[in-house]
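The structure under discussion appears below in the form of structure tokens.
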Amino acid sequence: MAAAAAARQLRTSVAPMIDVTDPYFLRLLRLISPFGHHELWTEMVHANAFSRGRLVEDPTRLAQHIPLRELWDFAPHVVVQIGASAPGDAHAAVRELAKLGVRQVNLNCGCPSRNVQMGSFGAVLMKSPDLAAAIVDAMRDAARGSACSVSVKCRIGIDADESPEFLRRFISAIAGRQRPDAGHPARIVLHARRAWLSGLS
Numbered sequence: 018m019a020a021a022a023a024a025r026q027l028r029t030s031v032a033p034m035i036d037v038t039d040p041y042f043l044r045l046l047r048l049i050s051p052f053g054h055h056e057l058w059t060e061m062v063h064a065n066a067f068s069r070g071r072l073v074e075d076p077t078r079l080a081q082h083i084p085l086r087e088l089w090d091f092a093p094h095v096v097v098q099i100g101a102s103a104p105g106d107a108h109a110a111v112r113e114l115a116k117l118g119v120r121q122v123n124l125n126c127g128c129p130s131r132n133v134q135m136g137s138f139g140a141v142l143m144k145s146p147d148l149a150a151a152i153v154d155a156m157r158d159a160a161r162g163s164a165c166s167v168s169v170k171c172r173i174g175i176d177a178d179e180s181p182e183f184l185r186r187f188i189s190a191i192a193g194r195q196r197p198d199a200g201h202p203a204r205i206v207l208h209a210r211r212a213w214l215s216g217l218s
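For the sequence shown, our numbering assigns the number 18 to the initial residue and increments by one for each residue that follows.
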């Protein structure tokens, strides 16, 4: 209920953008509008930066991706977005982010970039709803017992398929796998347009 009430108070939500919404830009936004009810999203960070790259052990690199300053007094309104293609990597990322005080972690299921597709994450995950659901399950398991919640950002369709059935199948997989003992249910954030995986650069 508290999360729903907080969501209703939000006036703006700054979308995650590679090479734009870095910690310095997010700090600038807060300086410009310090009293607004805003949700600030980081640029996407690959989950294996935590599971294999040991990002948290390098303070300089960590500060380039995670808005540590904002976590001191604005944590409920900071969303760290991750990309993942394996449940284990996603679990490790959420576990480490929760330790840092991150309160919201989002799984990117909407980026259509060719490089992202080659890594089997982003929008291409919408073609594998069971895998996406397993990743979300792992994220929720890692967040259990902490103040961290999990969400999924997806599109309404992929390439030429924007049928209600396609989206319903994906959301049903995410919702259907959620165990009652795995913490808060995942929130779905809908980017209301298709992701083109082919034909566009």
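From the three backbone atoms N, C-alpha and C, an ideal C-beta is built for every residue, glycine too.
{"Query": "Those runs of the beta strand (DSSP E) which lie wholly inside the stretch 116 to 149 and span at least 3 residues", "Result": "121 to 126"}
{"Query": "7 angstroms Cβ shell around Arg172 - same chain, five flanking residues per side excluded", "Result": "Gly127, Ala140, Met143, His208, Arg210, Arg211 and Ala212"}
{"Query": "His54 versus Pro33: straight-line alpha-carbon distance, rounded", "Result": "17 angstroms"}
{"Query": "Sequence-distant residues of the same chain with beta carbon closer than 8 angstroms to Met18, five excluded per side", "Result": "For Met18, the predicted structure reports a pLDDT of 47, less than 50, and the residue's modelled location is therefore unreliable. The matter cannot be settled from this model."}
{"Query": "DSSP three-state assignment for Ser163, whether helix, strand or coil", "Result": "coil"}
{"Query": "For Leu184 and Gly174, believed in contact at Cβ under 8 angstroms, the rounded distance", "Result": "7 angstroms"}
{"Query": "Local Cβ density within 10 Å of Arg47, reported as buried at 16 or more and exposed below that", "Result": "buried"}
{"Query": "Beta-bridge pairing of Thr29 - partner residues as DSSP gives them", "Result": "His55"}
{"Query": "Proximal residues to Asp106 (C-beta, below 7 angstroms), its chain only, five neighbours per side dropped", "Result": "Ala64, Asn65 and Ser68"}
{"Query": "Ala110 versus Lys116 - alpha carbon distance", "Result": "10 angstroms"}
{"Query": "Beta-carbon spacing of Leu85, Arg78 below 8 angstroms", "Result": "no"}
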